[in-house]
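So the structure is just underneath, and the comments pick up after that.
Residue numbers (this note's numbering): -3 to 333.
Encoded structure:
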């Protein structure tokens, strides 16, 4: 498959009054043409910061470390100037932000906001861009597009604002679409519609998608590959079957247990992970999940685990999976059966 994006040793820090917050700590991955890669983890694990780094949106007090590389078509995004980044954003790489109400300009009509991207990147006239914006609203299934194109964001529902954001992101048919929690604050029915819409548009345009989410349930039917992120690091990678049917990291096990299941008894409580994420002002020297892991060993707290290859498609950073470690039956862990 054609490799569109390659991220090597990505490290991002924020310099605050309290010290240096190491938000992303040495992340490596690649994205192939036309595939969907999901980055999954709880809030604060570094997912959104990773996506902003790919978009060139890390601003002071944030900093991408000098030895980091974000290669798109052979060019390092981390080293692009503002002019190069402006040409890249919207045209080659687009992003659907987490909250469309704060991402859309409240003082501009929806149609004008979509058209602006087409005028800047495709050199269309105002009329051409207006007509194309109308077609895009139809494409993302916004009802009454002739009326909606002249309305403001406050006149749209949450699901409709998200559809307008998708139309804006896909206006120039980008090679990569980053969707940052695209279903947050939407009800379950609308969530399913938005995810189905992204899938349909991906098939139509051949766009590669990076899906950022905390919910493994959202990615089950969408992602080709999944990488699980915790404490600023990727702790497990694999295709969808690997992660759902053969998870190897205790954090992945915990995330899967946290997904609501239809077979839960009426009064049975959802599983929650005990403890809190690590303080990235002073990141742990060992596994970032060690303090919350019910299977942690002494070495877990003292040394960052090596990457263990499970198969051609799956790898994990966990001492439990080291060849010399005692094996743990994941199906007997805290009621996974």
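Beta carbons: idealized from backbone N, C-alpha and C, even for Gly.
- Classified as buried, residue 45 has 16 or more neighbouring CB atoms from the shown chains inside 10 Å of its CB.
- Scanning 315, 87 and 71 for the CA closest to the CA of residue 115 turns up 87.
- In the structure shown, residue 291 falls within a coil segment according to DSSP collapsed to helix, strand and coil.
- Beta-bridge analysis with DSSP links residue 122 to no other residue.
- A straight-line Cα-Cα distance of about 23 Å links residue 294 and residue 306.
- When the beta-carbon positions are compared, residue 209 and residue 94 stay at least 7 Å from each other.
- In the three-state scheme derived from DSSP, where H, G and I count as helix and E and B as strand, residue 304 is classed as strand.
- With 16 or more neighbouring CB atoms inside 10 Å of its own CB, residue 20 falls in the buried class.
- As the crow flies, the alpha-carbon of residue 58 is around 17 Å from that of residue 81.
- In its chain, beyond the 5 residues on either side, 227, 274, 286, 287 and 297 have a beta carbon closer than 8 Å to the beta carbon of residue 280.
- Annotation: the continuous alpha helix (DSSP H) that includes residue 215 extends over 212 to 215.
- Burial check for residue 13: the Cβ neighbour count within 10 Å stays below 16, so the residue is exposed.
- Residue 222 is bridged by DSSP to 34 and 234.
- Pairing residue 233 with residue 311 gives a Cβ-Cβ distance under 7 Å.
- Excluding five sequence positions before and after residue 66, the CB atoms of its chain that fall closer than 7 Å to its own CB belong to 3, 6, 49, 50, 72, 73 and 74, given in chain order.
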